[in-house]
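In this note's numbering, the protein residues as written are 6 to 121.
This report concerns only the one structure given below.
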Amino acid sequence: MGKIQLVGIEVMARIGLLEEEQYAPQDLFVSLDLTYDFADIKESDEIAEGIDYRDLISHIREFSTSYDGKTLEKFAHLLATEIKQSFPVDKVKLSVDKPRYTKKLGLREIRVEVER
Numbered sequence: 006m007g008k009i010q011l012v013g014i015e016v017m018a019r020i021g022l023l024e025e026e027q028y029a030p031q032d033l034f035v036s037l038d039l040t041y042d043f044a045d046i047k048e049s050d051e052i053a054e055g056i057d058y059r060d061l062i063s064h065i066r067e068f069s070t071s072y073d074g075k076t077l078e079k080f081a082h083l084l085a086t087e088i089k090q091s092f093p094v095d096k097v098k099l100s101v102d103k104p105r106y107t108k109k110l111g112l113r114e115i116r117v118e119v120e121r
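See the structure below:
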């Protein structure tokens, strides 16, 4: 077993409660902590035996650009479920940061985290 961590994948998504958020995509940052069995790739050293980060990042960006919803909670839940169904991972820990309204709300971060 091993872990892959990808931190701060920049994506665009149409997400939010405010009318202005529902019309224009905004930046989100997705971070992942994936647990999976490294047994095959550690022996072969061939990416075909593991998870290609480029494919994973592309998958996350495609999901995000097609998403249209209101809450980070639903976005994070659906994305984590999608990753677990599409890649050979045992566990997904995913966080989503939404920087757009942090200053307006007097916060350093707005983040939602889920595990599947």
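From the three backbone atoms N, C-alpha and C, an ideal C-beta is built for every residue, glycine too.
Nothing here was measured: the structure is a model prediction, and the numbers come from that model.
Pairwise C-beta distances place the region 41 to 54 out of contact with the region 80 to 89, as fewer than three of them are shorter than 8 Å. Annotated as proximal: Val35 and Ile65, with beta-carbon spacing under 8 Å.
DSSP places Tyr58 within a helical segment (H, G or I) once states are collapsed to three. Taken in chain order, the complete beta strand (DSSP E) segments of 3 residues or longer contained in the region 7 to 74 are 7 to 20, 31 to 41. Beta-carbon to beta-carbon, Ala18 and Leu37 are separated by about 16 Å, too far to satisfy the 8 Å threshold. Its chain contains Lys75, Thr76 as the residues whose beta carbon lies nearer than 8 Å to that of Leu22, once the 5 sequence neighbours on both sides are disregarded; these appear in chain order. Closest by C-alpha distance to Asp42, out of Tyr58, Met6, Leu61, Pro30, is Met6. Proximity to Glu26 across Tyr72, Asp50, Val12 peaks at Tyr72, based on C-alpha coordinates. In the DSSP annotation of this structure, Lys103 is not part of any alpha helix (DSSP H), being labelled neither H nor E.
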